[in-house]
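Counting in the numbering used here, the final residue of the sequence shown is number 474, and the numbers go up one at a time with none missing.
Backbone N, C-alpha and C fix where the C-beta goes; we use that ideal spot for every residue, glycine too.
Okay, structure first, notes after.
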Amino acid sequence: MLKINNSLKLAGGILALSVVAGYSCSSGEKPNSKKPNIIVLLVDDAGYADFGFMGSADLKTPNIDKLAAGGVIFTDAHVSATVCGPSRAGIMTGRYQQRFGFECNPSSDSCGVDMNELTIASALKKEGYATAAFGKWHLGDQPGYRPNERGFDYYWGFLSGSRSYFYDGQKSDKQGDPHAITENFNQVSFEGYLTDRLGDRAVDFIEKNKDNPFFIYWAPNAVHTPMEAKTEDLALFDGHPRQKLAAMTWALDRAVGNIVEKLKKEGLLENTLIFFLSDNGGAANNQSTNFPLKGFKGNKFEGGHRVPFFVTWASEIKGGETFKGLTSSLDIYSTALHAANEKNLHGKNLDGVSLIPYLTGKKQGDPHQKLFWRKDKMAAARVGDHKLIRVEKLPSVLYKLSDDLGETGNLASKDPEHLQLLNSELKNWEKETIAPLWTEGVQWDTITWMIHQDLMLNRKVRANDPGQFKKDKMNGR
Ligand code: CA
C-alpha cells in the first residue's frame, strides 16, 4: 500500500520503513528530514454507523468522508474503554489505563492520569513537536493533571466531561467552573457555537506552527449531549428524524473540513498523519446508531467499543483501502512515535503497536491477537474471533464474532474450551492491572450492571441512566 518512489525502489524494503518514518539512512539517498505533523481527531460518543464513510445514509459528513477516502478505513478497531475518560487515558498513554487505575470516569475530585505515565504529547515534545490540545480533556482537572502540565504547549478547551455548546455565564462558564473554556490556564469567553470555535483554534495553531512539526489532539465534545445545534444547521435538517444529531454532526464535519483546508492551503496535508475515531460507541441518549452492532456507550458489546476509525498520511499511505485486522486505539501512540522517530519509542511497556507496517503493506494480518476491557465489575476479552463478556454475579457470555457480529448467540455452554481460554486470558491480563483508583458510584454501577444483564439475555434494556430508574428500585439486583 506504500506509494513506492524511486529512492525506495533503489534501496529496497528495509529502507521503506526508514523513509516512512521521515528519517534518512546510510544509503546516501537524500534524507527526508521533515517529520510528519500528527493530528488525532477524537470525536465524542459518535455512533458506529453515523458517518458517510461508515455507511450512513441520513447523516451528512462530506469533509470527513473525503478525508477517509484518502486514507485507510479500519473495520475492526476498538477503543480501550466504552466511556470517555478511561478511553482517553488509553489513547494519551498508549497503555491499558487499568495499569494505572484510570478505569472509570473521573469526577472533579478524582486525580488524573498517573504522573509516572508519559503522555503522547510529552513523548512528541521530546521529538521536537509543538503540541496542542483542543476541546474536552476529562483526564483530571486538578493542578498537575491539566493539559499544559501533561505535555501540551497550548490548550483551548474545557477540563470536564461535557458542557453546553454555547457560552453560558450562568452555568458552564461560571468563574472557576471546570466546564468553562480555558486558554491554557486562563478562563476565556467565546462567541457562537463551540464546535466551530474548536475548529478555528486548531486552524490558528496550524498557522502559527506551520514551519515546524506539530501534534494536535483535537477532541471536540461533538456529538456528546447536550443536544444543542446552531439554528441555521438545524434548519438544514428540518423534518429529519434525528435533526439535532444531524445538525451537530454537520457542524463537526464543517470544523474538520476547515482544519483539512488549512493543511491543504499551507501544503501540509501530504505529510500529516491523521487519525480519526470516536472515543466510545454511540450513546443511548444522543440519537446515535451503532448498527449493525449490539450495545452502546458504557457496555462491553461491540457497539460500546468498536468505533469508526481511519488513518491518513497522503505522502506515505495509499488511500482508498480497508484494513480488517484487529486494532486498538492504544496503537495511536506507538504509530505516532514511530512516525516521528522510528528509532526512539519513548514510553514504557506500551500496549499498542505501530500500525505503519500494516498501513504500508510490510506486514499483514492482525496487529493484535488479544484485546481486553474492564470497568469496575464488567470486563471483556477478545481472542482471535472470540469474545467473552464477564459481569460480576452473572454467567459469562461467549460469542464468535466472525459468525455473529451482533452478539446474540451465546456459545458459553456449547464451547466450554473457548470459554475457559478467554476467561484464563482475561485473568492473566488482570494480573498486570491494579484496582480502579475511583469508581462512578452505586447508581451508575447498578444501571450499568442491569444494562449488561438485559443485553446478555437479548432483551430490551430497562433503563439507560439513573434518572430513568427510581432509586428505591435499584437495590434488588
Ligand atoms: Ca465519549
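For Ala129 and Asn181, the gap between their C-alpha atoms comes out near 10 angstroms. Going by DSSP, Glu299 is part of no beta strand (DSSP E) but of the alpha helix (DSSP H) stretching over Glu299 to His302. For Thr246, the three-state secondary structure derived from DSSP is helix. In the DSSP assignment, Glu318 falls outside any alpha helix (DSSP H) and lies within the beta strand (DSSP E) extending over Glu318 to Phe320. Relative to ligand 1, Cys81 has its C-beta within less than 7 angstroms of a heavy atom. Three or more pairs of CB atoms, one per stretch, sit closer than 8 angstroms, so the segment 97 to 105 contacts the segment 432 to 444. In this structure, Gly301 sits near Gly278, with a CB-CB distance shorter than 8 angstroms. Under DSSP, Ser275 takes part in a beta bridge, and its partners are Val40. DSSP places Thr357 in the coil class of the three-state scheme, outside both helix and strand. Taking 8 angstroms as the upper bound for CB-CB distance, Gly196 and Ile178 are not in contact here, some 14 angstroms apart. Taken atom to atom, the span from the alpha-carbon of Ser325 to that of Leu266 is near 24 angstroms. Here Phe288 is actually not in contact with Ala460; their C-beta atoms are around 22 angstroms apart, not less than 8 angstroms. About 14 angstroms separates the beta carbon of Tyr152 from that of Pro140, a gap too long to meet the 8 angstroms contact definition.
Contact between Phe50 and Ile61 is confirmed by a C-beta separation of about 7 angstroms, below the 8 angstroms threshold.
When the beta-carbon positions are compared, Thr192 and Leu249 come within less than 8 angstroms of each other. Between Ala336 and Ile36, the C-beta gap is not smaller than 8 angstroms, which leaves the two residues out of contact. The beta carbons of Asp276 and Cys108 sit no closer together than 8 angstroms. Counting the other CB atoms within 10 Å of its CB gives Ala78 a total of 16 or more, which places it among the buried residues.
Within the model, the alpha-carbon separation for Lys262 versus Lys390 is close to 57 angstroms. Judged by their CB atoms, Gln184 and Gln172 are nearer to each other than the 8 angstroms cut-off.
Taking a cut-off of 8 angstroms for Cβ pairs, the segment 289 to 298 and the segment 223 to 235 do not touch, as fewer than three such pairs fall below it.
In the structure shown, the three-state DSSP call for Met224 is coil.
Closest in C-alpha terms to Trp446, from the list Leu418, Gly406, Arg379 and Met375, comes Met375. Relative to the Cα of Glu124, the nearest Cα in the group Lys31, Met89 and Asp42 belongs to Lys31. The beta carbon of Ile386 is closer than 6 angstroms to those of Lys297, Ala377 and Val394 in its chain, skipping five residues each way along the sequence. Here Asp170 is buried: its Cβ has 16 or more other Cβ atoms, across all protein chains shown, within 10 Å. Inter-residue distance for His221 and Met245 is about 9 angstroms (C-alpha atoms, whole angstroms). When the beta-carbon positions are compared, Val69 and Leu356 come within less than 8 angstroms of each other. Where His335 is concerned, the enclosing alpha helix (DSSP H) starts and stops at Asp328 to Ala337. For Val439, the enclosing alpha helix (DSSP H) stretches over residues Val439 to Met453. Counting the other CB atoms within 10 Å of its CB gives Gln284 a total of 16 or more, which places it among the buried residues. The C-beta distance from Ser161 to Pro217 rounds to 13 angstroms, too long to meet the 8 angstroms contact threshold. Annotation: the segment 347 to 403 contains the following complete segments of the beta strand (DSSP E) (minimum length 3 residues), in chain order: 367 to 372, 375 to 380, 383 to 388 and 394 to 397.
Between Arg303 and Gln95, the C-beta spacing is not below 8 angstroms. Taking Lys122 as the centre and dropping the five residues before and after it, the same chain places the C-beta of Thr128 and Gly148 closer than 6 angstroms to its C-beta, in chain order.
By the Cβ-count criterion, Gly406 is exposed, with fewer than 16 other Cβ atoms from all chains shown falling within 10 Å of its own Cβ.
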